[in-house]
Amino acid sequence: MTRTSPSKRRRQRLVLTTRFVVLSLASLLSIGPLVYMALISFKENAYSLTGPADLTSGTYSLANYAQAWTAGGLGVSFLNSLGVALLTMVAVVLLGSMMAYAFARFDFPGRRIAFALIVFELMVPAIMLVIPQFVLAKSLHLLDNRMGLLLIYIGTNLAFNTFLLYGFFRGIPAELDEAMRIDGAGAWRRYWQLALPLARPALATAAIFSFLGSWDEYVWAMTIITDPTKRTLPLAIALFSGAHATNWGLTFAASVIALVPVLVVFFLFQRQLVGGITAGALKS
Amino acid sequence: MLDTQVTATRLPARRRPRRSWRSPAYAFLLPGFAVFTLVMVYPTAQALLISLQRWSVSPYQPSKFIGLANYATAMRDPIFWRSLANAGVYAGVTVPGQLILGLLCAVALKAAIPGRTAFRIMVYIPVITSWVVVSILFKYLFQTDGGLVNFLLHDVAAVVPANIDWLNSRWLAMAAICALGVWKGVGWTMLIFLAALQAVPDSLYEAAAVDGAGSAKQFWHVTLPSIRRTMVFVMIMLVIGAFNVFISVSLMTDGGPADQTQVPLTYLYRQAFDFLDFGYGSAIAFMLTAVIVAFSALQFRFQGADEESAA
Numbered sequence: 003m004t005r006t007s008p009s010k011r012r013r014q015r016l017v018l019t020t021r022f023v024v025l026s027l028a029s030l031l032s033i034g035p036l037v038y039m040a041l042i043s044f045k046e047n048a049y050s051l052t053g054p055a056d057l058t059s060g061t062y063s064l065a066n067y068a069q070a071w072t073a074g075g076l077g078v079s080f081l082n083s084l085g086v087a088l089l090t091m092v093a094v095v096l097l098g099s100m101m102a103y104a105f106a107r108f109d110f111p112g113r114r115i116a117f118a119l120i121v122f123e124l125m126v127p128a129i130m131l132v133i134p135q136f137v138l139a140k141s142l143h144l145l146d147n148r149m150g151l152l153l154i155y156i157g158t159n160l161a162f163n164t165f166l167l168y169g170f171f172r173g174i175p176a177e178l179d180e181a182m183r184i185d186g187a188g189a190w191r192r193y194w195q196l197a198l199p200l201a202r203p204a205l206a207t208a209a210i211f212s213f214l215g216s217w218d219e220y221v222w223a224m225t226i227i228t229d230p231t232k233r234t235l236p237l238a239i240a241l242f243s244g245a246h247a248t249n250w251g252l253t254f255a256a257s258v259i260a261l262v263p264v265l266v267v268f269f270l271f272q273r274q275l276v277g278g279i280t281a282g283a284l285k286s
Numbered sequence: 009m010l011d012t013q014v015t016a017t018r019l020p021a022r023r024r025p026r027r028s029w030r031s032p033a034y035a036f037l038l039p040g041f042a043v044f045t046l047v048m049v050y051p052t053a054q055a056l057l058i059s060l061q062r063w064s065v066s067p068y069q070p071s072k073f074i075g076l077a078n079y080a081t082a083m084r085d086p087i088f089w090r091s092l093a094n095a096g097v098y099a100g101v102t103v104p105g106q107l108i109l110g111l112l113c114a115v116a117l118k119a120a121i122p123g124r125t126a127f128r129i130m131v132y133i134p135v136i137t138s139w140v141v142v143s144i145l146f147k148y149l150f151q152t153d154g155g156l157v158n159f160l161l162h163d164v165a166a167v168v169p170a171n172i173d174w175l176n177s178r179w180l181a182m183a184a185i186c187a188l189g190v191w192k193g194v195g196w197t198m199l200i201f202l203a204a205l206q207a208v209p210d211s212l213y214e215a216a217a218v219d220g221a222g223s224a225k226q227f228w229h230v231t232l233p234s235i236r237r238t239m240v241f242v243m244i245m246l247v248i249g250a251f252n253v254f255i256s257v258s259l260m261t262d263g264g265p266a267d268q269t270q271v272p273l274t275y276l277y278r279q280a281f282d283f284l285d286f287g288y289g290s291a292i293a294f295m296l297t298a299v300i301v302a303f304s305a306l307q308f309r310f311q312g313a314d315e316e317s318a319a
């Protein structure tokens, strides 16, 4: 390997080009299918769509969206998803931050075992619990009931978000807490006026995770909801593709409707999300 | 509540609140923990109990305790073993696939390059899409007639003589399901690896360069050893994720044709909610949970996260 300047520069350019090609290809493969889906969602009468070649012919319009939203009942599903996801988010952030605060700032009998249970349940896969949760929901008369969705979503999202917030609360210097305590502030005031404001970025992360965890949830909703007016979006989309087996335009219009809020949240809160995702992975 | 507050003000010098049954911590803990116990802890115990019974769905017929019979059934059930093998194949393909492609993207993204943020976001977007949406999308892409994949392979590149019937045989369908798994997961591994790569001190590379190591050697002797821990973390998480594969299989093939592409979760779901055999479904769930918890415990131990923070 010669160390002369021109060859070195040539090699540097080669490396840069290679990186560019790799990244362009990866990006294309990543968003290509989604772009394709979006294109088809604007195609009228995708019943008769026989192949990708047809994308260049025919008309593009919002007809699928209008039809999915009204005739397909997607508007109702959208509201169901939004309501359940927002309530899950509020409950998880509030209850999770309270639990995290208890673990981070107090020592009390039962603390270790309670924390160990949370860590243990983090490892238990959600679908493993679907059978006993079904039995539970049945005995609570929560089958085919949006409250049944809400209760399970809150419970299943609590462990992870408590763990996430616990890590953050631990990072807040205990001296601040101590100082407020000496000034006579009770535990609630310290939680409300000190811990929560300082943890705002972590709370945003937990809010997003719990919102998305509920917004995208499919298996539990599929298991307990049968009434069309109680369906959430993932359920509606899955049934859509079954009921209108060949109408891909309609199915994909519904998919785009479900996807857009997620993308918006992602772009708005990119930084918090990335922080939350890489947290824990980088302890090395 | 109140009296602890008083104690706290009276004894300002105490470093930590007293370890007591009257700790205000319980007021913070209880509401959330009650929900958590009801929805997670109780069902976990219940799963084990159900798996030991011939569970009766009807409230008028008592369930019968049958010990380990459901587990014995699984041991003799060829479809259960096939579902495990399919999950193994899925892990065997998607874990290395996501590791290698994610690392490749991370390495390409590490140094400054025009459009870096845009590239990162685009590769990450599949991660945040919903499994339901992309499973239906991939089912469409892998359709025999009119699917984009066959269009590219047959009509454009002409590397196959006829359209491939992707979703109607075991291995081709598994290939399509694996393609979705890798596609959806690369962004996550990339992001984790990118963060790990950026934590490697530049001085290590400089020292290697002074010693005459080229980029390949630097990658092998500096980069890989430095991110080894992250690598193991990612691998364990991916293996856990692979054995959790469910929605993509459920929506792309529903375990078919003729149970050829069942994975443990689709199979237990079928047993429970199509055949109403809750006991058998729970037995499969419990065995799989045991494996996954073992893997997770490995990861927690590896991270030394006994009671440490995640952030």
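Chain order of the listed sequences is A and B.
Under the working numbering, think of the first position of the first sequence as 3, with each following residue one higher.
Under the working numbering, think of the first position of the second sequence as 9, with each following residue one higher.
All residues carry an ideal CB built from backbone N, CA and C; glycine is no exception.
Inset, instruction - Just the C-alpha distance for Ile-154 (chain A) and Asn-163 (chain A), rounded to the nearest angstrom, thanks. - result: 15 Å
Inset, instruction - Give a yes or no on whether the C-beta atoms belonging to Ile-74 (chain B) and Arg-84 (chain B) are separated by under 8 Å. - result: no
Inset, instruction - Tell me, please, whether the stretch 103 to 117 of chain B touches the stretch 186 to 205 of chain B by the rule of three or more beta-carbon pairs shorter than 8 Å. - result: yes
Legend entry - Environment of Thr-158 (chain A) [buried if 16+ CB atoms lie within 10 Å]: buried
Legend entry - Whole-Å CB distance - Ala-216 (chain B) paired with Gln-226 (chain B), under 8 Å assumed: 5 Å
Inset, instruction - Check whether the Cβ atoms of Ser-304 (chain B) and Met-125 (chain A) lie closer than 8 Å to each other. - result: yes
Inset, instruction - Would you decide whether Arg-12 (chain A) is buried or exposed? Buried here means 16 or more other CB atoms lie within 10 Å of its CB. - result: exposed
Inset, instruction - Could you tell me if Leu-288 (chain A) is buried or exposed, where buried requires 16 or more neighbouring beta carbons within 10 angstroms of its beta carbon? - result: With chain A covering only 3 through 286, there is no way to say anything about residue 288 (chain A).
Legend entry - Three-state secondary structure (DSSP) of Phe-41 (chain B): helix
Legend entry - Cutoff 8 Å: Trp-89 (chain B) Cβ touching any chain A Cβ: no
Legend entry - 6 Å CB neighbourhood of Thr-17 (chain B) in its chain, flanking five on each side removed: Only weak support exists for where Thr-17 (chain B) lies, its pLDDT of 41 falling under 50; the value from the coordinates is given anyway. There are no such residues.
Legend entry - Nearest neighbour of Met-182 (chain B), chosen from B:Ala-93, B:Ser-31, B:Val-164 [CA to CA]: B:Ala-93
Inset, instruction - Determine the burial state of Met-149 (chain A): buried for a count of at least 16 other Cβ atoms within 10 Å of its Cβ, exposed for fewer. - result: exposed
Legend entry - Minimum Cβ-Cβ distance from Trp-29 (chain B) to chain A less than 8 Å: yes
Legend entry - Unbroken alpha helix (DSSP H) run spanning Glu-180 (chain A), endpoints: 176 to 184
Legend entry - Alpha carbon of Pro-175 (chain A) to alpha carbon of Phe-117 (chain A), nearest angstrom: 21 Å
Inset, instruction - Express the C-alpha separation of Leu-235 (chain A) and Gly-110 (chain B) in angstroms, rounding to a whole number. - result: 30 Å
Inset, instruction - Take the Cβ of Lys-10 (chain A) as the centre, count every other Cβ of all protein chains shown within 10 Å, and call the residue buried at 16 or more, exposed below. - result: exposed
Legend entry - For Gly-193 (chain B), the nearest candidate out of B:Ile-136, B:Gly-287, B:Leu-76, B:Ala-120 (CA to CA): B:Ile-136
Inset, instruction - Jot down the residue ranges of each uninterrupted beta strand (DSSP E) in the stretch 176 to 258 of chain A, minimum 3 residues, whole runs only, in chain order. - result: none
Legend entry - Option in A:Val-276, A:Phe-254, A:Val-266, A:Val-264 with minimal Cα separation from Leu-76 (chain A): A:Phe-254
Legend entry - Three-state secondary structure assigned by DSSP to Gln-61 (chain B): strand
Inset, instruction - Can you tell me which of the three DSSP states Tyr-68 (chain B) falls into? - result: coil
Legend entry - Beta-carbon proximity check, Ile-120 (chain A) vs Phe-165 (chain A), cutoff 8 Å: yes
Legend entry - Segment contact flag, the stretch 243 to 257 of chain B with the stretch 265 to 275 of chain B, C-beta cutoff 8 Å, min 3 pairs: yes
Inset, instruction - With DSSP as the reference, label Phe-150 (chain B) as helix, strand or coil. - result: coil
Legend entry - N- and C-terminal bounds of the alpha helix (DSSP H) containing Ala-119 (chain B): Segment: none, Ala-119 (chain B) is in no alpha helix (DSSP H) and carries neither H nor E.
Inset, instruction - Going by CA-CA distance only, name the one from A:Gly-74, A:Asp-109, A:Leu-160, A:Ser-243 that's closest to Gly-40 (chain B). - result: A:Leu-160
Inset, instruction - With 8 Å as the threshold, decide whether the Cβ of Val-49 (chain B) is near any Cβ in chain A. - result: yes
Inset, instruction - Helix, strand or coil for Ala-319 (chain B), going by three-state DSSP, please let me know. - result: Note that Ala-319 (chain B) has pLDDT 34, beneath the 50 cutoff, so the model's placement of it is unreliable and the number below is only indicative. Ala-319 (chain B): coil per DSSP, three-state reduction.
Legend entry - Closer than 8 Å to chain B by CB, Leu-284 (chain A): Only weak support exists for where Leu-284 (chain A) lies, its pLDDT of 47 falling under 50; the coordinates are left without a value.
Inset, instruction - Could you run through the stretch 209 to 235 of chain B and flag, in chain order, every residue whose CB is less than 8 Å away from some CB of chain A? - result: Gly-222, Ser-223, Ile-235
Inset, instruction - Assuming Ile-144 (chain B) and Ile-239 (chain A) form a contact by the criterion Cβ under 8 Å, report the distance between their Cβ atoms to the nearest whole angstrom. - result: 7 Å
Inset, instruction - With 7 Å as the limit, tell me which residues of the stretch 81 to 108 of chain A have their beta carbon closer than that to any beta carbon of chain B; keep them in chain order. - result: Leu-97, Gly-98, Met-100, Met-101, Tyr-103, Ala-104, Phe-108
Legend entry - Three CB pairs or more closer than 8 Å across the stretch 129 to 142 of chain A and the stretch 66 to 76 of chain A: no
Inset, instruction - Mark Phe-146 (chain B) as exposed unless 16 or more other C-beta atoms lie within 10 angstroms of its C-beta, in which case mark it buried. - result: buried
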